[in-house]
Amino acid sequence: MKLARIACAGAIHAAQPQRLADGRSGVLLTDGRSLAEEEVVWLPPLEVGTIIALGLNYAEHAKELAFTKSEEPLVFLKGPGTVLGHRGVTRRPAGVKFMHYECELAVVVGRSARGVHRADAFQHIAGYCIANDYAIRDYLENWYRPNLRVKNRDGATVLGPWLVDAADIADPGNLGLRTYVNGKLVQQGNTRDMITDVPALIEYLSSFMTLAAGDVILTGTPEGVVNVDVGDEVVCEIDGMGRLQNTIVGDQLFGR
Amino acid sequence: MPLSPCIAIPMEVPPYHLSGTVYGALLNHRTALQALGDSINQPPYRAAPQAPVLYIKPRNTLATCGAPVVVPPGVAELEVGASLGLVIGRPSCKLAENRALEYVAGYLIVNDVTVPHLSYYRPSIPFKARDGFCPLGPRVVPRAAIANPDKLTIRIYLNGELREEVSTTQLVRPVAKLLADVTDFMTLSPGDVLAVGVAYPAPQARAGERVCIEIDGIGRLENTFVGGPA
Chain S
1 MKLARIACAG AIHAAQPQRL ADGRSGVLLT DGRSLAEEEV VWLPPLEVGT
51 IIALGLNYAE HAKELAFTKS EEPLVFLKGP GTVLGHRGVT RRPAGVKFMH
101 YECELAVVVG RSARGVHRAD AFQHIAGYCI ANDYAIRDYL ENWYRPNLRV
151 KNRDGATVLG PWLVDAADIA DPGNLGLRTY VNGKLVQQGN TRDMITDVPA
201 LIEYLSSFMT LAAGDVILTG TPEGVVNVDV GDEVVCEIDG MGRLQNTIVG
251 DQLFGR
Chain D
257 MPLSPCIAIP MEVPPYHLSG TVYGALLNHR TALQALGDSI NQPPYRAAPQ
307 APVLYIKPRN TLATCGAPVV VPPGVAELEV GASLGLVIGR PSCKLAENRA
357 LEYVAGYLIV NDVTVPHLSY YRPSIPFKAR DGFCPLGPRV VPRAAIANPD
407 KLTIRIYLNG ELREEVSTTQ LVRPVAKLLA DVTDFMTLSP GDVLAVGVAY
457 PAPQARAGER VCIEIDGIGR LENTFVGGPA
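Those protein sequences? They're chains S and D, same order as listed.
Under this note's numbering, the first residue of the first sequence carries the number 1, and numbering increases by one thereafter.
Under this note's numbering, the first residue of the second sequence carries the number 257, and numbering increases by one thereafter.
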C-alpha cells in the first residue's frame, strides 16, 4: 500500500494514489473523496523522528571523491525543519553557484532497533519513500562536513510522495533511481551500487544508537548531480515508488 | 505512525515542552577554537569556520537529570560537554540580532556527552549520538530569570569536586549573534534547544563518577556515568 498525507478543504487526510476517471493522477481520501494531484497540498508522508543521512554511499560517486569502503559510513543528521512534501518549492538563495538535488531511497523505521544484525534488519522497516536531499555546495566548510548550512536548509529535504509499505518492495537492494530536471534525465543509478546497503546500515547505526519508529534513513545518492536554477522543475523517481516533484524558487517568494 | 513523546523537563513558560531536537554550536567557545591553534588553517580544515557549524543530538540521546550515562565498552572516559542551552519559544527565522533574545523561552543546562576524538572534519555521529548522551535540565528557567546569558558562570564538578569553571563571556558568537546567524539558514522551532558552545578542555569522566554541571540561576544537572553493555 502507498499512503500519503495531504491537506485539503480544511483538514489533513490520509490518501492513496489513484488514477482518476479522466485519466489524471489523483488521490483517494479515506472518506471517499477523489481529487486530482494538483488539487491537494502534499505533506511529508510522516512526522519524522531522527533523520540520518548517508554521504558518499554509491560506488561511482565515492570513487570520484576517493572514498573507500574500508572507511566507516559517512553519516550525518538533519533536523525536522528541513522536510518538505511532494510538489513543494525549495529556495535557491541569490548568488549561489552550485545547488544540486540528490535522489535517494529513504528508509522509514517501523520498530525500535538496537544491536540488530543485518539478517534481522527488515523486521524493523515500516516502508520507503523517495527523498530529494538538496545541497548548496557554496556553503561547504571542512567542519563536520557536510555542515548543516549545506544540508539542513528549510524545505530542502523533499520526502514523499507517499510511504510505500515495506511488503510492497521485494528488494530495496535493486531499485533504479532517476532524476529529471525540466523533463531531461540528469541522474541515474541503482540501489545495488550502495557501498553500505540497507540491512548493513541498520546494523551499523543500531550498533551505537537506538533507532525508533519514525526515524528516517536517507541512503545516499548516485553520481550525476548538476546545478539547478530558479524555475527548474526537479522530479526524482524510484522504480515502483512513483515520482517526487519539486520546483526551485528564488528569494523573492520568501521576502528576502 | 505517531512519534514517541520527548523527555519531560519541567517548563512553566510556552511552549511548555521541548520539541526533541537539540542543536549544538561547534567551536563557539573561544577556548575551543584557540586550542586548535594553527591546525585550523591546515588540511583537512584549511580555514576557520565561517558560518556557525552545528551538530544535532538526536532524540535517542536525550536524558533527564539523574539518568545514568553509559560509558561504552572499550572507552575509558567520556567528555563532559557543559553548555548553556537556549530553549526556543517562537518560530525563529532570520532573526535580527537586536531582537533575537525575544524568541528565547528560557534556558537549561546541556551536557553534550562525547566519546573523545581528534577530528572535527566529519560529523562525529558514533561519538555524539549514543543513547543517553545528552542530559538536559534540571528545568527550563524562563528568559526573564536570567539577566544576561552572555555573562554566566558554568561550573563542572566530578564526585562533588570542582574541576572546571568556564564562562559564557567567551563565546565566539554571543547568544543573540548566534541565533541571528543560525536562523539565517534554518528556522528554529518552539521547544528546540540550541547549546551555545562547550569550552576547552572539556573534563573527562569515567564509569562510577558523578558529574554535575551548575549554572547560577538555572541549577545543577547531575548524572552518574556507569559502565555497561554497548
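Note that the Cβ used here is the ideal one computed from N, Cα and C, for glycine as well.
If you draw a straight line from the C-alpha of residue i to the C-alpha of residue j, how long is it?
i, j, result
"T443(D)", "S34(S)", "35 Å"
"N404(D)", "P80(S)", "30 Å"
"V396(D)", "V327(D)", "27 Å"
"L434(D)", "L283(D)", "12 Å"
"G242(S)", "M209(S)", "31 Å"
"T409(D)", "E421(D)", "7 Å"
"G484(D)", "A385(D)", "17 Å"
"G255(S)", "D120(S)", "49 Å"
"E104(S)", "L185(S)", "15 Å"
"R91(S)", "P271(D)", "28 Å"
"Y128(S)", "D165(S)", "7 Å"
"V336(D)", "A59(S)", "38 Å"
"P394(D)", "V269(D)", "15 Å"
"V249(S)", "V234(S)", "11 Å"
"N174(S)", "P266(D)", "48 Å"
"T317(D)", "F389(D)", "5 Å"
"I130(S)", "T320(D)", "35 Å"
"I381(D)", "A400(D)", "35 Å"
"A113(S)", "A212(S)", "7 Å"
"P300(D)", "G322(D)", "39 Å"
"H100(S)", "P73(S)", "22 Å"
"P93(S)", "N132(S)", "18 Å"
"K2(S)", "H373(D)", "43 Å"
"R192(S)", "R118(S)", "16 Å"
"R419(D)", "C8(S)", "58 Å"
"A126(S)", "V216(S)", "10 Å"
"A170(S)", "L351(D)", "47 Å"
"V109(S)", "E39(S)", "30 Å"
"W42(S)", "V89(S)", "11 Å"
"D232(S)", "G475(D)", "52 Å"
"A26(S)", "E102(S)", "One point to set straight first is that residue 26(S) is Gly, not Ala, in the sequence displayed. Straight-line Cα distance between these residues: approximately 26 Å."
"A438(D)", "V96(S)", "This sequence places Val at residue 438(D); Ala is not what is there. Approximately 18 Å, taken between the alpha carbons."
Where do the N-terminal and C-terminal ends of the alpha helix (DSSP H) with residue i fall, by residue?
i, result
"K433(D)", "431–438"
"T287(D)", "286–291"
"L29(S)", "Per DSSP, L29(S) belongs to no alpha helix (DSSP H); it is in the beta strand (DSSP E), 25–29."
"S206(S)", "198–206"
Can you tell me where the beta strand (DSSP E) with residue i in it begins and where it stops?
i, result
"S423(D)", "417–423"
"V164(S)", "157–165"
"Y279(D)", "278–282"
"R178(S)", "176–181"
"L148(S)", "Counting along the chain, L148(S) falls outside any beta strand (DSSP E), though it belongs to the alpha helix (DSSP H) covering 148–151."
"C236(S)", "233–238"
"G483(D)", "475–483"
"T247(S)", "242–249"
"A16(S)", "The residue asked about is misnamed: residue 16(S) is Gln in this sequence, not Ala. Where Q16(S) is concerned, the enclosing beta strand (DSSP E) stretches over 11–19."
"L74(S)", "74–78"
"W42(S)", "41–43"
"G293(S)", "With chain S running from 1 to 256 in the structure shown, residue 293(S) is simply not present."
"N132(S)", "125–133"
"I265(D)", "I265(D) -> no beta strand (DSSP E), and no H or E assigned at all."
"Y413(D)", "409–414"
"L427(D)", "Counting along the chain, L427(D) falls outside any beta strand (DSSP E), and DSSP gives it neither H nor E."
"G32(S)", "It is not in any beta strand (DSSP E) - G32(S) carries neither H nor E in the DSSP assignment."
"T228(S)", "It should be noted that the sequence gives Val, not Thr, for residue 228(S). First-last for V228(S): undefined, no H or E at that position."
"K313(D)", "309–313"
"T90(S)", "88–91"
Within 6 Å: the Cβ of residue i and any heavy atom of the ligand PLP?
i, result
"E333(D)", "Absent from the structure shown: the ligand PLP. Ligands present: none."
Please check if any C-beta of chain B sits within less than 7 Å of the C-beta of residue i.
i, result
"G250(S)", "Note that chain B does not occur in the displayed structure, where the protein chains are S and D."
May I ask you to verify whether the segment 137–147 of chain S touches the segment 294–310 of chain D, counting CB pairs closer than 8 Å and requiring at least 3?
yes
Residue ranges of each beta strand (DSSP E) within the segment 337–398 of chain D, 3 or longer
338–344, 360–367, 390–398
Exercise. Indicate whether the contact test is met: 3 or more Cβ pairs, each with one atom in the segment 454–469 of chain D and one in the segment 414–429 of chain D, closer than 8 Å.
Key: The segment 454–469 of chain D vs the segment 414–429 of chain D: in contact.
Can you list, in chain order, the residues of the segment 302–315 of chain D whose Cβ is nearer than 8 Å to any Cβ on chain S? R302, A303, P305, Q306, A307, P308, V309, L310, Y311, I312, P314, R315
When you check each C-beta in the segment 205–225 of chain S against every C-beta of chain D, which residues fall closer than 9 Å? L205, S207, F208, M209, T210, L211, A212, A213, G214, D215
Note down, in chain order, all residues in the segment 373–384 of chain D with a beta-carbon under 8 Å from any beta-carbon belonging to chain S. Y376, Y377, R378, P379, S380, I381, P382
By the 9 Å beta-carbon criterion, what residues does the segment 261–294 of chain D contribute toward chain S? S275, G276, T277, Y279, L282, L283
Checklist line | Touching by the beta-carbon criterion (3+ pairs, under 8 Å), the segment 144–158 of chain S and the segment 197–204 of chain S | finding: no
- Determine, using beta-carbon pairs with one atom in the segment 176–191 of chain S and one in the segment 83–97 of chain S, whether at least three such pairs fall under 8 Å. no
Quick check: the segment 354–371 of chain D against the segment 287–301 of chain D, are at least 3 beta-carbon pairs closer than 8 Å?
no
When you compare the segment 274–281 of chain D with the segment 447–454 of chain D, are there three or more beta-carbon pairs, one atom per stretch, that lie closer than 8 Å?
yes
Output, in sequence order along the chain, the residues in the segment 107–133 of chain S whose CB is closer than 8 Å to any CB in chain D.
V108, G110, R114, G115, A126
Quiz prompt | Positions along the segment 413–446 of chain D whose CB lies within less than 8 Å of some CB in chain S | solution = For the segment 413–446 of chain D, the residues whose beta carbon sits under 8 Å from a beta carbon of chain S are, in order, F441, M442, T443, L444, S445.
* For the segment 35–61 of chain S, which residues have a CB atom closer than 9 Å to at least one CB atom of chain D, in sequence order? -> Flagged, chain order: L46, E47, V48, G49, T50, I51, I52, G55.
Beta carbons nearer than 8 Å to chain D: which residues of the segment 71–99 of chain S have them? E72, L74, V75, F76, L77, K78, G79, P80, G81, T82
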